[in-house]
Structures are given as structure tokens and as C-alpha cells.
Amino acid sequence: MSVATATRQESLARTGSPQWVLQRLQGVLLHIAVIGLTVVWIVPTLGLLISSFRPTSGILTSGWWTALAPPFQFTLQNYSDMLDQSNLGQAMFNSFMVSIPSTVIPVTIAAFSAYAFAWMKFPARDWIFLAFVGLLAVPLQLTFVPVLTFFVAHGIVPDNLTNLGLPPWVGLWLAHAGYGLPFSTYLLANFFRALPSDLFESAEIDGAGTLTVFFRIILPLSVPALASLVIFQFLWVWNDLLVALIYVGGAPEVGPLTVNLAGLTNSLGQGYNLLTAAAFFSMVIPLAVFLSLQRYFVRGILAGSVKG
Amino acid sequence: MASVTYDHVVKRYTADVTVVKDFNVTIKDKEFMVLVGPSGCGKSTALRMLAGLEAISEGEIRIGDRVVNNVAAKDRDIAMVFQSYALYPHMSVFDNMAFPLQMQHMKKGDIDKRVKNASRILGLDPFLQRKPRALSGGQRQRVALGRAIVRNPQVFLLDEPLSNLDAKLRGQTRIELQKLHRDLETTFIYVTHDQVEAMTMGDRIAIMNGGILQQVGTPGEIYDHPANLFVAGFIGSPTMNFIPVTTSDSSAKASGFEVKLPQSVPAGKGTLGFRPESVTDKPSTDGANIEMKVDVVERLGSDQFLYGQVGADQVTARVDPRMKVAPGDNVKLGLDIRSLHLFNAENETALF
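The following block contains the structure:
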């Protein structure tokens, strides 16, 4: 009560008083910072968007902002050229075939392992966890040669996998799963740890086993954490060019959208104009994923569980 | 329906950290037993060992005749109400109460019947479809009770279930819990740090301090015959007066007065104890008449407490609320000899 009253008085500081000036100044500075950051991100994106609707000649001779003044010269040519290339559908399909398992596999494994790290007692648990999280510091590029050598030695390469009747992306899935696991496990373990222990003890007395607790209590309570993790991992895999290029190569039957679009500049000569359209085209899916999952970011999902 | 026996139970975390030491108590079938003590005294640990949430380092815990040391929590046929309630936030009130029954793979119709029955007893019918976050503190507390009731357990364990409620609701729930205990005819073990809850609710009280059981008895026994200085000071509000005295045969001499003792004791040093209500404004015929210099006057309407000096010692007295006293006054008070306690100066146990 007294705290609430104090805050109220503070925010009602007399107009013109030094306190009031300070408060207004803080508010203004905060707004400037937020607006500044937004502008820094929005301007190039806007430039890219406008460029994607300009004719090639315009793009090559003048800056994108000149298009905002008359005479207006806009065209859908870039989009139609980009969509016209034969491999786009296949590349899109490949991207899904890469991104979905590469998201589901690590998130699933991470959820189980995070539960173990957070709530089960076993020897050297904290050391193993530390070592696991330490893998976050390993640069991705450092792993390419040893992992690829291992994959080649054990036949985990697209050609061999296809011969075996398996999807050619298995190696890529495993690689992405490996790269995603340390962060996923770290994030989820921290989230699980913050869940009140009374819930688990209560469930234990109520007769729930480890798996029941996991599926009936932990997973439903962790939807926000899982959703953000899925978004992170999906976006990372969807936008990835390097890892895909290394493990499955650039063949059109297996290459994802990023590999396909990167090829536009080479195969079509001066393709800068096409890349602008391609960039926006490849953004559609991540945007849809984000928008469809963001409603799970419900604040206070634990409200009402413990304490009054 | 079962008794509970703690038989030389010890809880040790490391070689040096022992939180429950040689704990022995038998809780009778259908009894309402309160474990009470200051925070960190081991009462919650004792309860959690019975619940199966903590391993037992030494000794035996029996529910009925069955030793449960190595029985999983879910197989002990107990139910526990947590201080935080521990409701499952993503489930409705109905599902919260049905959860333990679903875990027993009970038929849907039976689950329905039991949950409806419990919700009727607790007045939760209008809230069955709500999520815990849409309930008030008191309602959540009742859901936690309901989840325990539906299981129809042999023993109810309650770990400070009232401490998150406001004062008025706490008083009300105290009465409801006693009614519930009478209706369910089940053994209740109730942990609290609040001596008022202990005194009002318990059939018997077990007082703990520093991991050691101090005394077990009915509220009356403990109030009138505390076994040691700790129990005497813990139970009762305002606390008992403790005055250092020198004893010789059957009298005790304090800095400000001398009093005849009801029985003879060896000569030496000791601590004299008497409750505020045995120091009154009526002159005493057989005890001592003492003079107090009043420091503070507390009027509670029904009572009036005086805090002041008698000789060099602090004394609290309960006097008639109509008596006119002001701080700084010197008042004559009578000390009732029948409620005197004398504690050994060294080991603090009660001589009487």
C-alpha cells in the first residue's frame, strides 16, 4: 500500500519541478533510443523493398530513395523473373525438408535433456551441463572439416543416403541438431529450473512418474519457452546458407532456398535486382512462422500456481 | 485411517549438518497433531520425510504397521497440502482435483463423483471450470485441500497451509480445518510456526527446536507444564516472564522481590518463570506482592498489559482493563504462586 502510494506521488511530481523535468527527460531519452534503433533497422529494409520494385536500369544508376519522388517508376519484373526460374518450387520444398526436422529434432532432444539437467539427480550433473553449455563457444566453422570427414567416412552424404532410400538431408539434420542443442538445452534447462519445485513434489505425491510430470506438467507450462526456441531455431536454419552448402552441396535437387537464391547472381549475370526480390520472397515463411507462434508468448502463464 | 510413528528418526544432509535429531513421536489414528517451532527447527523436514520427499538418514517411519522408509511417495497413501498450494496452473480446478485420481487410473465416473463430492464440501462448485489464476487466495487454498481430500488418504499432511492467507481468512480457515478434520475422521499432521494455530487446532502439539523434539502434549499440558525454558517462552503471548533468581530451600529471591515456592528445591541459581496473567492488580495472599515501575501500557480493550521494571528485571503483567495506569507510574501488583515455574539455570529444564 505504502509503496503504491509512493510511486503515485512520484509520477505526479509537480509540473516544472526539477523532479518532473528529470522524469520527462528520462522518458524522452528512452523514446529517442527506441526510435533510433527502429530507424536503423527499418531504413535498409525499406530500401531493399523499394529496390525490389524498381527496374534494373534504375537500381543500377540511382539510389533507392530517388524512387520516392516523381516520376514513379515501379515494376514487378524482378519478382516475375525470380519466380520464373525453374528450380524455385523444388528449392522451397527442400528448405522445408531441411528446416522442419532441423528444428524438431534438437528442440525435442533439448527438452528431454534439459528436464534431466534441471530436475533429476545424477553424478556430475553440473559438470556435464557446464561442458555441454561450453560448446556454445565453439565456432561453427571449426567443426566443418572433422564433421564432414566423419560423415564421408560413414556414408552420411546425399548420394549414399539416396541410394539407401533415406532423405539426402539426414547429415544436414544431424549437423543442425548438433549446432542447435547447446543453446536449446541451456535455454530450456534454465526455464525448467525456474518452475516451482512444489509443483513437482505435489505431482510426485499425487502419483505422477517422471514422464507424466514431463508431459503433463512441464511441457504445458513451457509453451512460451518452446515457442521462442522453435522460432529461433527455425529462422536460423531457414536463413542458413553456409551449413547447407557444406553438408549437402549446391545441387538443385537437394539445395534449400538460400542456396538457390545465392545462385541467382551467378547464373543470371548481374542479378542484384533479382536478389532484392528474392530476399523478400524468402522472408515470407519466417514471418509467417513468427506471427503464428507469437501468440504463445503469454506473460504470466504461471500466475495462480503458487502463492497468493 | 492410520497412526504414524517416528522411531529414532534422523535427517542428516552432510556429516556436520543434522536438521532432525533422534525424533521420536507417535501420532494416534484420527489425531490432529501439530508440529510447531521457529523456522529452521526441522519441522518441515520431519513432515517431508513422512511424505517421501526427503530420504530418512536413520531410524524408521511407520504408517500404521508398515515401515515406509523405502516406499515411494505415491504409494504411502498420504496427501499433502503445500504452503504455496502448488496448484497446476494450466489445469482447471476440476482437473487439479482429478489429477491424483487419474494417476491411479480410476474410472472417469468415479473421478467425477469424488471431485464433485469434495467440491461440495469445500464450496468450490461454482469454480470448477476456472483456472487457479482466476481464484482468490482462499479459494486456491481450498482447491489444494480438495486435491488432498479426493484421494481419501490415510494421513493428511499440511505444511503451513494458512500462512499465505490474510489474518481474517486465516481465523476462518482454522475453524473450517477443524471441522474438516472432524468430518473426515483422518489423521492430520499440521506444520506451523504459529503458536496460536498450534494451540487452537491441535489435539496434541509437538514442539521442536534446533532439530530436537522439546515436548509433546495437549495444548493445556504444554501451556501449564512446559518442559523447559524454550517451550515456556515459545508458547503463550505475550511471552512468559523469566527472572533470574537465587533459590534457597523453598523460596526464590529476585532483584526486586522474594517469593515462596510451592515446593522445596536445592539451593542455587535458577530462572523463575510466570505468565503475564499471573501478575495482576489484585494483591496476592500466598504469593508475592511486587512493585513495578511501568514503562509501556498496552490497552487491547479486553485486556491491559503493563510492561515495566521490577527491581532490575523486566516484567509483563496483565491487569484489569479498567485500571488507570500511565507510563512512569509505580503500581503494586500481586503474583499468583500457583502458576510459578522454576527452570534449572544450566540445562534450562523445568524443575516444576
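Protein sequence lines correspond, in order, to chains X and B.
So that you can map any letter, position 81 of the first sequence is 81 in my numbering, and since no number is skipped, the others follow by simple counting.
So that you can map any letter, position 16 of the second sequence is 1016 in my numbering, and since no number is skipped, the others follow by simple counting.
Glycine included, each C-beta is placed from N, C-alpha and C at the ideal position.
Nothing here was measured: the structure is a model prediction, and the numbers come from that model.
What is the C-beta distance between residue i and residue j, in whole angstroms, given that I count them as a contact (C-beta under 8 Å)?
{"i": "residue 1046 of chain B", "j": "residue 1073 of chain B", "result": "About 15 Å; that fails the 8 Å criterion."}
{"i": "residue 151 of chain X", "j": "residue 157 of chain X", "result": "6 Å"}
{"i": "residue 1069 of chain B", "j": "residue 1078 of chain B", "result": "At roughly 14 Å, the Cβ-Cβ gap does not stay under 8 Å, so residue 1069 of chain B and residue 1078 of chain B are not in contact."}
{"i": "residue 1317 of chain B", "j": "residue 1280 of chain B", "result": "7 Å"}
{"i": "residue 103 of chain X", "j": "residue 237 of chain X", "result": "6 Å"}
{"i": "residue 242 of chain X", "j": "residue 92 of chain X", "result": "Not quite, the Cβ-Cβ distance comes to about 19 Å (not below 8 Å), so this is no contact."}
{"i": "residue 1173 of chain B", "j": "residue 1138 of chain B", "result": "7 Å"}
{"i": "residue 293 of chain X", "j": "residue 231 of chain X", "result": "6 Å"}
{"i": "residue 1191 of chain B", "j": "residue 1002 of chain B", "result": "No, residue 1191 of chain B and residue 1002 of chain B are not in contact; Cβ-Cβ is about 18 Å, not under 8 Å."}
{"i": "residue 1232 of chain B", "j": "residue 1287 of chain B", "result": "Incorrect: roughly 18 Å between the Cβ atoms, too far for contact."}
{"i": "residue 1340 of chain B", "j": "residue 1266 of chain B", "result": "Not confirmed; about 16 Å, so no contact."}
{"i": "residue 1275 of chain B", "j": "residue 1240 of chain B", "result": "5 Å"}
If you follow the beta strand (DSSP E) that residue i is in, where does it begin and where does it stop?
{"i": "residue 1244 of chain B", "result": "1241 to 1248"}
{"i": "residue 1155 of chain B", "result": "1155 to 1159"}
{"i": "residue 1188 of chain B", "result": "1187 to 1192"}
{"i": "residue 1129 of chain B", "result": "Here residue 1129 of chain B belongs to no beta strand (DSSP E), and DSSP marks it neither H nor E."}
{"i": "residue 1063 of chain B", "result": "1058 to 1063"}
{"i": "residue 1343 of chain B", "result": "1341 to 1344"}
{"i": "residue 1079 of chain B", "result": "1078 to 1081"}
{"i": "residue 1251 of chain B", "result": "1251 to 1253"}
{"i": "residue 1259 of chain B", "result": "1258 to 1260"}
Consult DSSP for residue i and reduce its assignment to one of helix, strand or coil.
{"i": "residue 1221 of chain B", "result": "helix"}
{"i": "residue 1291 of chain B", "result": "strand"}
{"i": "residue 5 of chain X", "result": "Low confidence applies here, because residue 5 of chain X scores a pLDDT of 39, under 50, leaving its location unreliable and the question unanswered by this model."}
{"i": "residue 233 of chain X", "result": "helix"}
{"i": "residue 1104 of chain B", "result": "coil"}
{"i": "residue 1206 of chain B", "result": "strand"}
{"i": "residue 29 of chain X", "result": "helix"}
{"i": "residue 308 of chain X", "result": "With a pLDDT of 36 at residue 308 of chain X, under the threshold of 50, the modelled position of that residue is not reliable, and no figure is offered here."}
{"i": "residue 1270 of chain B", "result": "strand"}
{"i": "residue 120 of chain X", "result": "coil"}
{"i": "residue 1265 of chain B", "result": "coil"}
{"i": "residue 111 of chain X", "result": "helix"}
{"i": "residue 289 of chain X", "result": "helix"}
{"i": "residue 295 of chain X", "result": "helix"}
{"i": "residue 1305 of chain B", "result": "strand"}
{"i": "residue 1298 of chain B", "result": "strand"}
{"i": "residue 300 of chain X", "result": "For residue 300 of chain X, the predicted model reports a pLDDT of 40, less than 50, meaning its position is unreliable and no value from the coordinates is stated."}
{"i": "residue 1235 of chain B", "result": "coil"}
{"i": "residue 1333 of chain B", "result": "strand"}
{"i": "residue 1277 of chain B", "result": "helix"}
{"i": "residue 1086 of chain B", "result": "coil"}
{"i": "residue 1117 of chain B", "result": "helix"}
{"i": "residue 259 of chain X", "result": "helix"}
{"i": "residue 1317 of chain B", "result": "strand"}
{"i": "residue 1228 of chain B", "result": "strand"}
{"i": "residue 10 of chain X", "result": "Because the pLDDT at residue 10 of chain X is just 46, under 50, the model does not fix this residue reliably, and the value given afterwards should be weighed accordingly. The answer is helix: DSSP assigns residue 10 of chain X an H, G or I state."}
{"i": "residue 1352 of chain B", "result": "coil"}
{"i": "residue 22 of chain X", "result": "helix"}
List the endpoints of the continuous alpha helix (DSSP H) containing residue i.
{"i": "residue 1138 of chain B", "result": "1137 to 1149"}
{"i": "residue 1178 of chain B", "result": "1167 to 1184"}
{"i": "residue 73 of chain X", "result": "No alpha helix (DSSP H) contains residue 73 of chain X, which DSSP labels as neither H nor E."}
{"i": "residue 1195 of chain B", "result": "1195 to 1201"}
{"i": "residue 131 of chain X", "result": "125 to 134"}
{"i": "residue 243 of chain X", "result": "242 to 248"}
With distances taken Cα to Cα, identify the nearest neighbour of residue i among the options.
{"i": "residue 1067 of chain B", "options": "B:1007, B:1349, B:1105", "result": "B:1007"}
{"i": "residue 115 of chain X", "options": "X:29, X:189, X:66, X:291", "result": "X:189"}
{"i": "residue 1029 of chain B", "options": "B:1187, B:1054, B:1104, B:1232", "result": "B:1187"}
{"i": "residue 1124 of chain B", "options": "B:1109, B:1240, B:1141", "result": "B:1141"}
{"i": "residue 191 of chain X", "options": "X:125, X:78, X:224", "result": "X:224"}
{"i": "residue 1082 of chain B", "options": "B:1013, B:1103, B:1164, B:1064", "result": "B:1164"}
{"i": "residue 1215 of chain B", "options": "B:1020, B:1036, B:1170", "result": "B:1036"}
{"i": "residue 1038 of chain B", "options": "B:1185, B:1352, B:1234", "result": "B:1234"}
{"i": "residue 90 of chain X", "options": "X:205, X:259, X:265", "result": "X:259"}
{"i": "residue 1065 of chain B", "options": "B:1086, B:1076, B:1148, B:1056", "result": "B:1076"}
{"i": "residue 1194 of chain B", "options": "B:1242, B:1181, B:1167", "result": "B:1167"}
{"i": "residue 1315 of chain B", "options": "B:1325, B:1329, B:1295, B:1004", "result": "B:1295"}
{"i": "residue 176 of chain X", "options": "X:245, X:284, X:39", "result": "X:245"}
Closer than 6 Å: is that where the CB of residue i sits relative to any heavy atom of the ligand GTP?
{"i": "residue 143 of chain X", "result": "Absence of the ligand GTP is noted for the structure shown, with no ligands found whatsoever."}
Quiz prompt | Runs of alpha helix (DSSP H) wholly within the stretch 142 to 178 of chain X (minimum 4 residues, chain order) | solution = 158 to 163
Exercise. Identify every run of the beta strand (DSSP E) within the stretch 1008 to 1054 of chain B, keeping only runs that are complete inside it and at least 3 residues long; order them along the chain.
Key: 1018 to 1027, 1032 to 1036
Practice problem: Would you list, in sequence order, the uninterrupted alpha helix (DSSP H) runs of no fewer than 4 residues that lie entirely inside the stretch 173 to 217 of chain X? | Solution: 197 to 206
Self-check item: Complete runs of the alpha helix (DSSP H) confined to the stretch 37 to 106 of chain X [at least 4 residues]
Solution: 56 to 61, 77 to 84
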